[in-house]
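Counting from 1250, one number per residue, gives the positions in the sequence shown under our numbering.
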Amino acid sequence: MHDQDYIIRAVKKVTPAVVSIAIAKRLEPHPVLSPFGPFVDLGELFAIPRDEQDRVKIGGGSGFVVAPEGIVVTNRHVVADPEASYTVVLSDGAQLPATILARDPINDVAILKISAPRPLPIVPLGDSGALELGQTVVTVGNALGLFQNTVSTGVVSGLSRFINAAAEFGGPASELRGLIQTDAAINPGNSGGPLVNMGGEAIGINTAIVFGAQNIGFAIPINHARRDLADLKRHGRIRQPSLGIRYVIVTKALQKIQNLPVDYGAWVVGEGTPWDHAVIPNGPADLAGLKEHDIILECNGQKINETNTLIDHVQKFNVGDRIPLKIRRGEEEQEVEVRLGERR
1250 MHDQDYIIRA VKKVTPAVVS IAIAKRLEPH PVLSPFGPFV DLGELFAIPR DEQDRVKIGG
1310 GSGFVVAPEG IVVTNRHVVA DPEASYTVVL SDGAQLPATI LARDPINDVA ILKISAPRPL
1370 PIVPLGDSGA LELGQTVVTV GNALGLFQNT VSTGVVSGLS RFINAAAEFG GPASELRGLI
1430 QTDAAINPGN SGGPLVNMGG EAIGINTAIV FGAQNIGFAI PINHARRDLA DLKRHGRIRQ
1490 PSLGIRYVIV TKALQKIQNL PVDYGAWVVG EGTPWDHAVI PNGPADLAGL KEHDIILECN
1550 GQKINETNTL IDHVQKFNVG DRIPLKIRRG EEEQEVEVRL GERR
C-alpha cells in the first residue's frame, strides 16, 4: 500500500469525529456619534447577526471527539473566554451546546462535554512518545471556521520544541514547551484539531503556526491530553505536578552576574518580598529539605539547562511521584528525593 492510500484511509477514519467549535458572546452596545443620528449602536449600524440570546459569533476553532459519550478535546486558547458560550458542530452539521469540563493552561489543552443523542465516532489516541523525525502526519481541522475537514499532510520536522504563543482576545502570551513541529499546514481555524499518524490515531493537537514562515506548525503531544483525561476521570479535575519552588534557569550570563559556581541548573530564588517564598512552606521541596539559593543541577539524572528545563522534566511525572534531584548547596553536591505535590 502506498503512502497516499494510508493517508486516505487515515482521513476517512478521522474526519467523522472532527468537530467545529463556534464561540459566541453577548456584546455590550457601544453608542457612537454618526451621521445617521446623535447616537447609533455599531451592532445595529452594521447589522451584526445575533442569536436568540442576543449573542454574536466572535470566533471558532476545531476539536475532536475522544469518547463516544461526547467528550471533546481542543486547545485551551480556543475556549479561553469565561464569558463566552461554545457550540460544537458535528461533522453531520448538528449543533450542540458544550460544557467546559477542564482547562489545562500549561499544556494548552481543554476538555469539553456535549450531550449527543447517539454514541459518536471517535479519534483513537496514539502515543506521542513514539514519534520519530520524518514520520508522515496529517492535520485535520475547520480552517478559518469556514470549511470542515480541511486536510494537509507533512512530516514530523522537530520534537521537544518550545514557543511563546500569543493568546486570543488580547490575553498575555504563554510559553508552550515540548511541542511537535511539523511542516503540514496548520491554518488558524485548525487550532484544536487532531494531528494524526498513518494509523488514524491522534498523536497531537494542532495549536500554532509561525506567521511569516513557511511550513512551520506546532502541535501539543497527545500524551498531555491523555494524562488530563485520566486525571479528570479519576479526580474530577486536571492535576498539575509541582515542586513548590520558585527558580530561574542558570545561564552563563547569570552565573557571571551573580557569581554562581555553575553555569547550568535551576537556582532556587524568590523575588525578594516577604510573601514571595523561594521554597513554598510545607510544600514538596520544603518537606524534602530544599532551601533558597540551592541550585538544582539534575532531575532524574538529566542536566537542567535552558533547553532542558526543570518544568520539562516535572511535567513528565504525576502528582505523588517521587523524583530524584541532584542539588548544589554552597560547595557541596547532594541527592534528594522529592514527592511531587499538586499545583494550586
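Idealized CB from N, CA, C, for every residue including glycine. Predicted model, so just to flag it, every value in this text is computed and none were measured.
Is ARG1325 buried or exposed, if buried means 16 or more other CB atoms sit within 10 Å of its CB? That one is buried.
At least 3 beta-carbon pairs within less than 8 Å: the stretch 1335 to 1351 vs the stretch 1401 to 1415: Fewer than three pairs of CB atoms, one per stretch, sit closer than 8 Å, so the stretch 1335 to 1351 makes no contact with the stretch 1401 to 1415.
GLN1504, DSSP secondary structure in three states: Looking at GLN1504 - three-state DSSP - the assignment turns out to be helix.
Of the residues ILE1465, VAL1387, LEU1574, which one's Cα is nearest the Cα of ARG1258? The residue with the shortest Cα to Cα distance from ARG1258 is VAL1387.
Start-to-end residues for the beta strand (DSSP E) that takes in LEU1350: Residues 1344 to 1353.
Which runs of the beta strand (DSSP E) spanning at least 3 residues fall entirely within the stretch 1483 to 1571, listed in chain order? Annotation note: the stretch 1483 to 1571 contains the following uninterrupted beta strand (DSSP E) runs of length 3 or greater, listed N- to C-terminal: 1496 to 1498, 1515 to 1517, 1544 to 1548.
Below 8 Å on the Cβ atoms is my contact criterion, and I expect GLN1551 with ILE1355 to pass it. Report the Cβ-Cβ distance as a whole number of Å. About 19 Å; that fails the 8 Å criterion.
When the distance is taken between beta carbons, is GLY1514 closer than 7 Å to ILE1544? Less than 7 Å divides the Cβ of ILE1544 from the Cβ of GLY1514.
So ILE1320 and ILE1349 are in contact, right, with Cβ under 8 Å, and what is the actual spacing, rounded? Not a contact, Cβ separation roughly 12 Å.
Buried versus exposed call for GLY1466 [16 or more other C-beta atoms within 10 Å across all chains shown]: When all chains shown are included, GLY1466 counts as buried.
For TRP1516 and ARG1571, I'd like the C-alpha separation in whole angstroms. So the two alpha carbons sit approximately 20 Å from each other.
Using the C-alpha atoms, what's the distance from PRO1437 back to LYS1482? In a straight line, the C-alpha of LYS1482 is about 30 Å away from that of PRO1437.
Would you call the CB atoms of LEU1492 and PRO1530 closer than 7 Å? Not in contact: LEU1492 and PRO1530 (Cβ atoms no closer than 7 Å).
What does the alpha-carbon distance come out to for the pair GLY1351 and ALA1329? Gly is not the amino acid found at residue 1351; the sequence shown has Ala there. Their Cα atoms are separated by approximately 11 Å.
Check whether the Cβ atoms of VAL1268 and SER1440 lie closer than 7 Å to each other. Pairing VAL1268 with SER1440 gives a Cβ-Cβ distance that is not under 7 Å.
Does the beta-carbon distance from SER1311 to GLY1453 come in below 7 Å? Cβ atoms of SER1311 and GLY1453: not closer than 7 Å.
Taking C-alpha atoms, which residue in ALA1273, LEU1369, ILE1270, ILE1506 lies nearest to VAL1314? Distance from the Cα of VAL1314 is smallest, within the candidate group ALA1273, LEU1369, ILE1270, ILE1506, for LEU1369.
Please name the residue in VAL1260, LEU1509, VAL1563 whose C-alpha comes closest to that of HIS1473. Per the Cα distances, VAL1563.
For LYS1565 and VAL1528, I'd like the C-alpha separation in whole angstroms. One C-alpha to the other measures close to 21 Å.
In the DSSP output, what is ILE1454 paired with across the bridge? Within the DSSP bridge table, the entry for ILE1454 names PRO1443, ILE1469 as partners.
Residue closest to VAL1518, alpha-carbon to alpha-carbon, out of ASP1254, VAL1585, PRO1366, ARG1578: Considering only alpha carbons, the answer is ARG1578.
May I ask you to list the residues that DSSP assigns as paired with ARG1578? Per DSSP, the beta-bridge partners of ARG1578 are GLU1581.
Between GLU1332 and the rest of its own chain, which residues show a CB-CB distance below 7 Å, the 5 nearest in sequence each way excluded? Here the set comprises LYS1274.
So, using beta-carbon positions, are VAL1405 and LEU1374 closer together than 7 Å? The answer is no: Cβ separation not under 7 Å.
Straight-line gap, VAL1389 to ARG1486 (C-alpha atoms, nearest Å): Near 28 Å, if we compare the C-alpha coordinates of ARG1486 and VAL1389.
If we ignore side chains and look at the alpha-carbon of each, how far apart do ASP1252 and ARG1476 end up? One alpha carbon belongs to ASP1252, the other to ARG1476, and they sit about 31 Å apart.
I need the straight-line Cα distance from ILE1498 to GLU1555, nearest angstrom please. For ILE1498 and GLU1555, the distance between alpha carbons rounds to 6 Å.
Run through DSSP, which three-state label would LEU1481 get? DSSP, reduced to helix, strand and coil, places LEU1481 within a helical segment of the structure shown.
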